[in-house]
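What follows is a single structure, written as structure tokens, with notes after it.
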Amino acid sequence: MSSIPYIVEERPDTGLNNSKLGVWIFLASEVMLFGGLFSAYVFLRLAAPEGDFDYWGAKLNVPMATFNTMLLITSSVTMVMSWASLKLKQFDKYKMYLGITILCALGFLCVKYFEYTGKFHHGIYPSSSTFMGIYFTLTGLHVLHIIGGLVVLIYLWTRQADKMWEENPDLLANRIEVTGLYWHFVDLVWIFLFPILYLL
Amino acid sequence: MSNNSDHSIEHHIQTYIRVFIALGVLTVITVAVSYLEVSFIEAFFLAITIASIKGSLVLGFFMHLISERAAIIWILVATTVAFIILMFIPLISLTDSTGMY
Amino acid sequence: MSDNHHHEETFFQKYIWSVDHKVIGIQYGITSLLFLLFGFGLMAVMRYQLAYPETVIPIIGQWLFAESGGIMLPENYNTFGAMHGTIMIFLGVVPLAVGAFGNYLVPLQIGAPDMAFPKLNAASYWTYFVGGVVMMASFFTPEGAARSGWTSYPPLSIFESGQTMWLLSMVFLITSSLLGSMNIIVTIVQLRAPGLTWFKLPFFIWTQLVTSFLLVLAFPPLEAAAVLQLMDRLAGTSFFLPSGLVYAGEAVAAYGNGSPLLWQHLFWFLAHPEVYVLILPAIGIVGEILANNTRKPLWGYKSLVYAISFLGFMSFIVWAHHMFLTGMGQTMSAFFQLTTMIISIPSVVVLTAFFISLWGGSIRFNTPMLFALSFLPMFGIGGLTGLPLGVAASDIYLHDTYYVIGHFHYVVAPGTLFALFAGIYYWFPKITGRKLHEGMGKLHFFPSFLAMNGIFMPMFIQGLAGLSRRMYDGGQQYAHASDITHWNEFMTISAFILGLAQIPFILNIFITLSTKKSEDRNPWKSTTIEWSAPSPPLPHVNFESAVEVHRGPYEYSVPEREEDFYPQTSP
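Residue numbers (the numbering used here), protein chains in the order written: chain A, 1403 to 1602; chain B, 15 to 115; chain C, -7 to 563.
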């Protein structure tokens, strides 16, 4: 409803606009969501017999995951570049950077697909061990978040974005910034997931 | 972000590139360090420290936290406290038990 | 953004997918009240069973329990028990306190046109609705509904029937709650009218703010745990299943190495803050009504604000007082006992401030005030009876007895629920333009008050005698319970009186709605901003002109003034 203030412009005393505050609170809840799973990981690892997690952890593919890490970090920088381009009124560059972000995300999903099917092919499922259970749950939830983010990114890349750019460019920049914050968070989760699951 | 001037955005772009390179280097370091022969606790702290450095770079520069308003910082402080509580106390329950169960 | 109400809104836009916080608040209100009624019904059948074990349940027994000829079997009792708790907490009280009262009143009390994210608001209601449908649908599955307690402890909950739908429903409900509470926080921070600084906010707004922070930070670990439990049930994982488990005579074919304790920690990490979610909005409502009906400001406003903020923080570090019997070591036990004792302090501050607020007031004993006043001793009893439970030495004896049930019901039933009733009577004129009938209101209040005490006071006696909870026959088979099982009949009769006492309330609502609207937009002569809007407030914008705030929320009986109240928005 247009009568609601501070959708794009900042409220003077808090210095924030509504969506930015909203997305940070949402991210706070997401930290607790992944935190719950991390807490479960630590608890289960310490409660497991000696060497159990090491044995199962060794079955994971480190090179693929390292490549995935680089993909996500790249997508993060292209995401912030697309926002910066929008702020500099360079709409074509915005689309280019956003496009690369989307491609990186799709790439991540492809690699994950191969990883998962590779495991299933060898008869390794979530039920195979506690480690595999928490591995599939943590990365699976992360994949769901990538897909969710991807839907929004694609929407912001389509004609809807063109229309918004013409009618209300500040709103589009605001939407991109907020989506970017979510996207960086997804990258952040992976930055912790990667060493904990694949390397420890 | 309250500063919309072109100059400052271009300055920011330089920072983004630098952070990107730093993240790449740190990723390589993360993998390299995992080949060291250390105890689990040492490996854990090493991994978490490097990941935290990478995370701080993403939070500070890509998510603009370094110049963000106090309200947001406080929300994150509260979240961090809640997160730490969530991580550590169930952990302690494993070590501090009567051993009956 | 799109402006979809240039002309007439369709029926669908106006009443179903409305983004107006007032419509959404009413949607939450009606849905949650219906769930409360249903949860009460479940309990009524359970109480009949407890008073007259293994007899045929009258009227509906043959239909409900056809296979056993109308007699309630143990598994039926367990199902009703688990669903009663789940529905009352997650589908009843919290949606009413936060979804209905929060959504309806927060924008109005801060002088805003709507919530910060109206579409998200609608989404949060419909997610709750879907969660409710899934939960109710579970009754009709071949497996039946959940029967492992509202706490869903593994390993039982992994093997027992009905938990899958329960877990799925919880995922929806938690998501709905997260969307809603995020909306409330942003609204309060960003949309306060000009002049409405933090310490001029009505106390109700502060309670909603703290409640929303609790929901944002505490609910997600339970969502994570629910996902893990779903995987244990559906994907064969063993997050919560220890090794060497034998079920129904057969070794469990899972990897093992899991821990039932892990579930308990993750569950109670939410469920303890959840109880403060249950009480804080109620405290806020009582504060508003006390100030209004004593015609003087709330005593200790700042202390109240600091107390509930401290309470919110502390609520994150007390949860294992639900787990004293899990074999925890002395350090952990001491830690949680200490934090639990400390957390009782802010509650005492709140209650004391409320009692002192009454001193020297010109008390009006209307229906909302009666409910609000009764909250004070009822919450007092509930809180005091929590103390022996927070000390491990006594809790080892009282855990899982009727004492616990008495304790928490005192806080939630004649506590929170009475405050919510008070709120309904108080704000009904703002929502509908008509005051509920006073006589019928008192007919609702007095029997309810007596009956509540009749149901829950004997539970302390039963608990102290050692009667365990969740037993389908009410303790008939235990010798140590033989001299206190006679209370069951008394409690059941009280429960039925409580049920009957709600009839005047329900009739009151329908009859009052059929009467003419009043012209008086501030019948209680209140100072807070919502009363300056028309009754009901204008669709989508609430107020006729921009709101400006000039003073605090409780300027009653200001010396130089002729009227005994000075509204926040008066120039």
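Glycine is no exception: its CB is placed at the ideal position from the N, C-alpha and C atoms.
Straight-line Cα distance separating W142 (chain C) from I98 (chain B): What you label residue 98 (chain B) is simply residue 84 of the second sequence in a count that begins at 1. What you label residue 142 (chain C) is simply residue 150 of the third sequence in a count that begins at 1. Roughly 27 angstroms separates the two Cα atoms.
Near-chain B residues of the stretch 257 to 286 of chain C - C-beta to any C-beta below 9 angstroms: Listed by position along the chain: H257, L258, F261.
Classification of Q454 (chain C) by the beta-carbon crowding that lies within 10 angstroms, buried from 16 upward: What you label residue 454 (chain C) is simply residue 462 of the third sequence in a count that begins at 1. Buried, since its Cβ has 16 or more Cβ neighbours within 10 Å.
Cutoff 8 angstroms: H26 (chain B) Cβ touching any chain A Cβ: Here residue 26 (chain B) corresponds to residue number 12 of the second sequence, with the count starting at 1. Residue contact check for H26 (chain B) against chain A: a CB pair falls below 8 angstroms.
Where F316 (chain C) falls: helix, strand or coil (DSSP): Translated into positions along the third sequence, residue 316 (chain C) becomes position 324. Residue state for F316 (chain C) is assigned as helix, using DSSP reduced to three classes.
N1463 (chain A) - DSSP class collapsed to helix/strand/coil: What you label residue 1463 (chain A) is simply residue 61 of the first sequence in a count that begins at 1. Coil.
Secondary structure, alpha helix (DSSP H): runs of 4+ residues fully inside the stretch 1535 to 1586 of chain A: Runs found: 1561 to 1569.
Cα-Cα separation between A641 (chain C) and V125 (chain C), rounded to whole angstroms: Residue 641 (chain C) is absent from the model: chain C starts at -7 and stops at 563.
Segments of 3+ residues assigned as beta strand (DSSP E) that fall wholly inside the stretch 1488 to 1543 of chain A: Entirely contained in the stretch 1488 to 1543 of chain A, not one beta strand (DSSP E) run reaches 3 residues.
Distance CB(S149 (chain C))-CB(S140 (chain C)) smaller than 8 angstroms: Numbered from its first residue, the third sequence carries residue 149 (chain C) at position 157. Numbered from its first residue, the third sequence carries residue 140 (chain C) at position 148. Closer than 8 angstroms, so yes.
Three-state secondary structure assigned by DSSP to Y389 (chain C): Position 397 of the third sequence, counted from the first residue, corresponds to residue 389 (chain C). Secondary structure of Y389 (chain C) (DSSP, three-state): helix.
Identity of the residue in C:E547, C:P528, C:L490, C:T504 nearest K517 (chain C) by Cα: Residue 517 (chain C) sits at position 525 when you count from the first residue of the third sequence. Closest option to K517 (chain C), Cα to Cα, is C:E547.
Which residues DSSP lists as bridging S460 (chain C), in chain order: As a position in the third sequence, residue 460 (chain C) is number 468, starting the count at 1. Under DSSP, S460 (chain C) takes part in a beta bridge, and its partners are C:T393.
Reduced DSSP category for I63 (chain C) - H, G, I as helix; E, B as strand; rest coil: By 1-based counting over the third sequence, the position of residue 63 (chain C) is 71. DSSP places I63 (chain C) in strand when its eight states are reduced to three.
CB contact below 8 angstroms: E215 (chain C) versus chain A: The residue labelled residue 215 (chain C) in the question sits at position 223 within the third sequence. Yes, E215 (chain C) counts as interfacial toward chain A.
Neighbourhood of P380 (chain C) by C-beta distance below 8 angstroms, restricted to the same chain and skipping five residues each side: Along the third sequence, read from residue 1 onward, the residue named residue 380 (chain C) stands at position 388. For P380 (chain C), where only same-chain residues beyond five positions count, the Cβ hits under 8 angstroms are S386, D387, L390, Y395.
C-beta contact flag for S1477 (chain A) and I1578 (chain A) at 8 angstroms: The residue given as residue 1477 (chain A) occupies position 75 in the first sequence. The residue given as residue 1578 (chain A) occupies position 176 in the first sequence. In this structure, I1578 (chain A) does not lie closer than 8 angstroms to S1477 (chain A) by Cβ.
Beta-carbon proximity of S1405 (chain A) to P105 (chain C), cut-off 8 angstroms: As a first step, residue 1405 (chain A) must be located in the first sequence, where it is residue number 3. As a first step, residue 105 (chain C) must be located in the third sequence, where it is residue number 113. For S1405 (chain A) and P105 (chain C), yes; Cβs fall inside 8 angstroms.
A74 (chain C) (DSSP reduced to helix, strand or coil): For this step, residue 74 (chain C) is matched to residue 82 along the third sequence. DSSP places A74 (chain C) in helix when its eight states are reduced to three.
C-beta neighbour in chain E for I150 (chain C), strict 8 angstroms: Structure shown: chain E not included; protein chains present are A, B and C.
Simplified DSSP state of L490 (chain C), which is helix, strand or coil: Along the third sequence, read from residue 1 onward, the residue named residue 490 (chain C) stands at position 498. Looking at L490 (chain C) - three-state DSSP - the assignment turns out to be helix.
Check whether A487 (chain C) and A473 (chain C) have beta carbons under 8 angstroms apart: Residue 487 (chain C) sits at position 495 when you count from the first residue of the third sequence. Residue 473 (chain C) sits at position 481 when you count from the first residue of the third sequence. The Cβ atoms of A487 (chain C) and A473 (chain C) lie no closer than 8 angstroms to each other.
Cross-chain neighbours of S111 (chain B) in chain C, by beta carbon under 7 angstroms: In the second sequence, residue 111 (chain B) corresponds to position 97, counting from 1. G319, M320, G321, listed in chain order.
Proximal residues of chain B, C-beta to C-beta of M324 (chain C) below 7 angstroms: Indexing the third sequence from 1 puts residue 324 (chain C) at position 332. Residues of chain B whose Cβ lies closer than 7 angstroms to the Cβ of M324 (chain C) are, in chain order, I106, S107, D110.
Simplified DSSP state of E536 (chain C), which is helix, strand or coil: For this step, residue 536 (chain C) is matched to residue 544 along the third sequence. Residue state for E536 (chain C) is assigned as coil, using DSSP reduced to three classes.
Identity of the residue in C:I348, C:A414, C:T332 nearest G375 (chain C) by Cα: As a first step, residue 375 (chain C) must be located in the third sequence, where it is residue number 383. Looking at the Cα atoms, C:T332 is the closest of the given residues.
Those runs of the alpha helix (DSSP H) which lie wholly inside the stretch 321 to 373 of chain C and span at least 4 residues: Counting only runs of 4 or more, we get 322 to 350.
Within chain B, partners of A1486 (chain A) - CB distance below 9 angstroms: If you number the first sequence from 1, residue 1486 (chain A) lands on position 84. For A1486 (chain A), the C-beta contacts it makes with chain B under 9 angstroms involve I23, E24, H26, I27, Y30, in order along the chain.
Short CB-CB distance (under 8 angstroms) between L100 (chain B) and chain C: Sequence index remark: in the second sequence, residue 100 (chain B) carries index 86 (1-based). True, the Cβ-Cβ gap to chain C drops below 8 angstroms.
Chain A contacts made by the stretch 47 to 62 of chain B, where a contact means CB separation under 7 angstroms: Legend: CB atoms of the stretch 47 to 62 of chain B lying less than 7 angstroms from CB atoms of chain A belong to residues S48, A57, F58, A61.
S16 (chain B) (DSSP reduced to helix, strand or coil): The residue labelled residue 16 (chain B) in the question sits at position 2 within the second sequence. Legend: pLDDT at S16 (chain B) = 45, less than 50; position of this residue unreliable, no value from coordinates given.
CB contact check: F308 (chain C) to chain B, cutoff 8 angstroms: Residue numbering aside, residue 308 (chain C) sits at position 316 when the third sequence is read from its first letter. It does: the Cβ of F308 (chain C) has a partner Cβ on chain B nearer than 8 angstroms.
C-alpha gap between K509 (chain C) and S1441 (chain A), whole angstroms: Within the third sequence, numbered from 1, the residue matching residue 509 (chain C) stands at position 517. Within the first sequence, numbered from 1, the residue matching residue 1441 (chain A) stands at position 39. Their Cα atoms are separated by approximately 56 angstroms.
Chain-ordered neighbours of F1428 (chain A) on chain B, where CB pairs are closer than 9 angstroms: To locate residue 1428 (chain A), count along the first sequence from 1; it is residue 26. Those within 9 angstroms of F1428 (chain A) in chain B number zero; the least Cβ separation is about 11 angstroms.
Residue from A:V1482, A:L1439, A:V1425, A:L1446 with nearest C-alpha to F1533 (chain A): In the first sequence, residue 1533 (chain A) corresponds to position 131, counting from 1. Checking every option, the nearest Cα to that of F1533 (chain A) belongs to A:L1446.
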